[in-house]
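Q: Before I ask anything, let me first share the structure, which is written out below as structure tokens.
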Amino acid sequence: MEPNPELYGLPFTVDGFNGMPFRRLGSTGLRVSNVGLGAWKFGFPETGDDSRVDQEAAFQILDRAIVLGVTFWDTANRYNNSSGNSERILGRWLRQNPDQRRNVVVATKCFGAMDGRSPNHCRLSRTNVLESVYASLRRLQVDCLDVLYFHNWDPETPVEESLAAVDDLVRRDLVRYFAVSNFSVEQLALYRALEREFGVRARIAAVQNRFDLLTGENAKHAGALEYCARAGIAFVAYSPLARGLLTERYLDPAKAGPGDRLYDEGDLGQQASAATLAKLKKLNAVAHEAGLKLGQLVLAYMLTLPGMGPLIPSSSSVEQLEANAAAGKAQLSGETCDRVRAILSSEE
Ligand SMILES: NC(=O)c1ccc[n+]([C@@H]2O[C@H](COP(=O)([O-])OP(=O)(O)OC[C@H]3O[C@@H](n4cnc5c(N)ncnc54)[C@H](OP(=O)(O)O)[C@@H]3O)[C@@H](O)[C@H]2O)c1
Numbered sequence: 215m216e217p218n219p220e221l222y223g224l225p226f227t228v229d230g231f232n233g234m235p236f237r238r239l240g241s242t243g244l245r246v247s248n249v250g251l252g253a254w255k256f257g258f259p260e261t262g263d264d265s266r267v268d269q270e271a272a273f274q275i276l277d278r279a280i281v282l283g284v285t286f287w288d289t290a291n292r293y294n295n296s297s298g299n300s301e302r303i304l305g306r307w308l309r310q311n312p313d314q315r316r317n318v319v320v321a322t323k324c325f326g327a328m329d330g331r332s333p334n335h336c337r338l339s340r341t342n343v344l345e346s347v348y349a350s351l352r353r354l355q356v357d358c359l360d361v362l363y364f365h366n367w368d369p370e371t372p373v374e375e376s377l378a379a380v381d382d383l384v385r386r387d388l389v390r391y392f393a394v395s396n397f398s399v400e401q402l403a404l405y406r407a408l409e410r411e412f413g414v415r416a417r418i419a420a421v422q423n424r425f426d427l428l429t430g431e432n433a434k435h436a437g438a439l440e441y442c443a444r445a446g447i448a449f450v451a452y453s454p455l456a457r458g459l460l461t462e463r464y465l466d467p468a469k470a471g472p473g474d475r476l477y478d479e480g481d482l483g484q485q486a487s488a489a490t491l492a493k494l495k496k497l498n499a500v501a502h503e504a505g506l507k508l509g510q511l512v513l514a515y516m517l518t519l520p521g522m523g524p525l526i527p528s529s530s531s532v533e534q535l536e537a538n539a540a541a542g543k544a545q546l547s548g549e550t551c552d553r554v555r556a557i558l559s560s561e562e
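Residue 481 in the numbering used here sits at position 267 of the sequence shown; the count goes up by one each step and never skips.
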């Protein structure tokens, strides 16, 4: 007799949300969307906080992100001139959408000074870790942080002090998962060893380091992606689109102007060298043949790399979000991946 599906009700497990495939955050049980959302540039530009996306535009992006299953949201206490405004925008949205709280994985970071005056309100001392988290919880208007990153390595605080602080937060359920950012292989390995020695619950789930297909990792953090693949840590690449360079928008840099981030930040000329543009044009041709945009090919290819965790491109508009989200669902053929690899490794 065929089993009656109605007797079994809903499936025990699901692997995606609103059509977006998910992946585990390192070796943890936490699942996060293949493509998430970097919220660095969300804020109140009218106050001069150096953000680029105001509340109205950010809310449109966040509404659409839920529909597209883009639910891994990345921010930091310090984003936009240490204002806390990126967190505030997410907090206001979450307050207006309480039913969505359980669908979103909110990740934020602590380390840097917020007031710029007190030596005890920066770095990874017990005081700063605890107080930064309390402040982030208030701005984000949530009961717990799904992921807390240490934003940087702190050479001046004993690792056991920082780890004990985050472990206490985990035990109090103010933080669910722990991660680090801008760490080298040696620093990751040291944390891993001490986590074991002290038996803390706060084991590193992810490392957020800079990585894009053109420049790879930052020299001082080189090898972290490979380490993550071996250690069961998710490598969360920041600036995966090289701030927009790895999309079709700068293929003709002469067309860039005010409103384009690389132009506004003043380093388009340096970034868009003739050699880089030549590679981008070749990648663009491969993308078209695969039915994708250049930025989508870049993100989809990154998702195939061993150790790579979820991607967190910043989206400044709903259109960008839609393009980036589609990359999280794209399946690249082996041949397409081979062609991308060949272009990236060519010396021309
Ligand atoms: N841990 C750290 O130290 C650290 C450092 C930097 C960033 N991050 C995190 O990483 C996230 C992403 O990094 P990022 O903002 O530096 O760089 P990114 O994601 O590589 O680039 C984002 C920029 O690219 C453009 N863009 C995005 N999607 C596009 C699309 N589909 N088509 C065309 N252009 C598109 C937008 O530029 P326009 O604004 O010009 O439209 C956007 O601001 C941040 O939000 C932040 O959460 C972490």
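A virtual CB, placed ideally from N, CA and C, is assigned to each residue, including glycine.
Since this is a predicted model, take the numbers as computed values, not measurements.
On the criterion of 16 or more Cβ atoms from any shown chain inside 10 Å, does L224 qualify as buried, or is it exposed?
A: Per the 10 Å Cβ criterion, exposed.
Q: What's the gap between the Cα of L402 and the Cα of V319?
A: Straight-line Cα distance between these residues: approximately 23 Å.
Q: Does the separation of the CB atoms of N291 and S376 fall below 8 Å?
A: The answer is no: Cβ separation not under 8 Å.
Q: Looking at K255 and ligand 1, is the gap between the Cβ and the nearest heavy atom below 7 Å?
A: Checking every heavy atom of ligand 1 against the Cβ of K255, one is found closer than 7 Å.
Q: From the DSSP output, in three-state form, read off W367 for me.
A: Here W367 sits in coil by DSSP.
Q: Can you list, in chain order, the stretches of the beta strand (DSSP E) that have 3 or more residues and sit fully within the stretch 304-362?
A: The stretch 304-362 contains these whole beta strand (DSSP E) runs: 319-324.
Q: If you draw a straight line from the C-alpha of Y405 to the C-alpha of I418, how long is it?
A: Distance between the alpha carbons of Y405 and I418 is about 8 Å.
Q: Go ahead and pull the three-state DSSP assignment for S570.
A: Missing from the structure shown is residue 570; the chain here goes from 215 to 562 and no further.
Q: Rounded to whole angstroms, what is the Cα-Cα separation between V384 and V347?
A: The alpha-carbon atoms of V384 and V347 are separated by roughly 11 Å.
Q: Can you tell me which of L455, G483 and S395 puts its alpha carbon nearest to the alpha carbon of K434?
A: Nearest option by C-alpha distance: S395.
Q: When burial is assigned at 16 or more other CB atoms within 10 Å of the CB, is T322 buried or exposed?
A: Buried is the call here.
Q: Given F425, which residues of its chain have a CB within under 6 Å of its CB, disregarding the five upstream and five downstream residues?
A: Within the same chain, F425 has close Cβ partners E431 and A451.
Q: Any contact between the stretch 521-529 and the stretch 233-244? By contact I mean 3 or more CB pairs, one from each, below 8 Å.
A: At 8 Å Cβ cutoff, the stretches touch.
Q: Measure the C-alpha to C-alpha separation of R353 and S531 and round it to an integer number of angstroms.
A: Looking at the two C-alpha atoms, the distance is approximately 23 Å.
Q: Tell me the rounded alpha-carbon separation between A253 and I275.
A: Spanning the two alpha carbons is a distance of roughly 10 Å.
Q: Which residues does DSSP pair with N423 in a beta bridge?
A: According to DSSP, which records beta bridges pairwise, N423 is partnered with A451.
Q: Using beta-carbon positions only, say whether A407 and V421 come within less than 8 Å of one another.
A: Taking 8 Å as the Cβ cut-off, A407 and V421 do not qualify as a contacting pair.
Q: Does P520 come out as helix, strand or coil in the three-state DSSP assignment?
A: Looking at P520 - three-state DSSP - the assignment turns out to be coil, as it is neither helix nor strand.
Q: For Y391, which of D368, R415, V361 and G413 has the nearest alpha-carbon?
A: Considering only alpha carbons, the answer is V361.
Q: Going by alpha carbons, who is nearest to G548 out of E533, Q534 and Y515?
A: Of the listed residues, the one whose Cα sits closest to G548 is Y515.
Q: Are the CB atoms of Q355 and R309 nearer to each other than 8 Å?
A: Yes, the pair counts as a contact, with Cβ atoms nearer than the cut-off.
Q: Run the proximity test for Y452: is its beta-carbon closer than 7 Å to any non-hydrogen atom belonging to ligand 1?
A: Yes - ligand 1 has a heavy atom lying nearer than 7 Å to the Cβ of Y452.
Q: Name, in chain order, the residues that DSSP records as bridge partners for R238.
A: Per DSSP, R245.
Q: Taking 8 Å as the cut-off, decide whether the C-beta atoms of L508 and L517 are in contact.
A: Against a cut-off of 8 Å, the Cβ pair of L517 and L508 comes out as no contact.
Q: Taking the alpha-carbon positions, what's the C336 to D381 distance?
A: Taking the straight line joining both Cα atoms gives about 19 Å.
Q: Should C358 and D387 be called a contact, given that it needs their Cβ atoms to be closer than 8 Å?
A: In this structure, D387 lies closer than 8 Å to C358 by Cβ.
Q: Excluding the 5 residues flanking I280 on each side, which residues of the same chain have their C-beta closer than 6 Å to its C-beta?
A: Closer than 6 Å at the Cβ level, and outside the excluded window around I280, lie Q314.
Q: Please look up how many angstroms separate the CB atoms of A499 and L511, rounded, as I've assumed it's under 8 Å.
A: No, A499 and L511 are not in contact; Cβ-Cβ is about 10 Å, not under 8 Å.
Q: DSSP three-state label for I526, please.
A: Correct three-state label for I526: coil.
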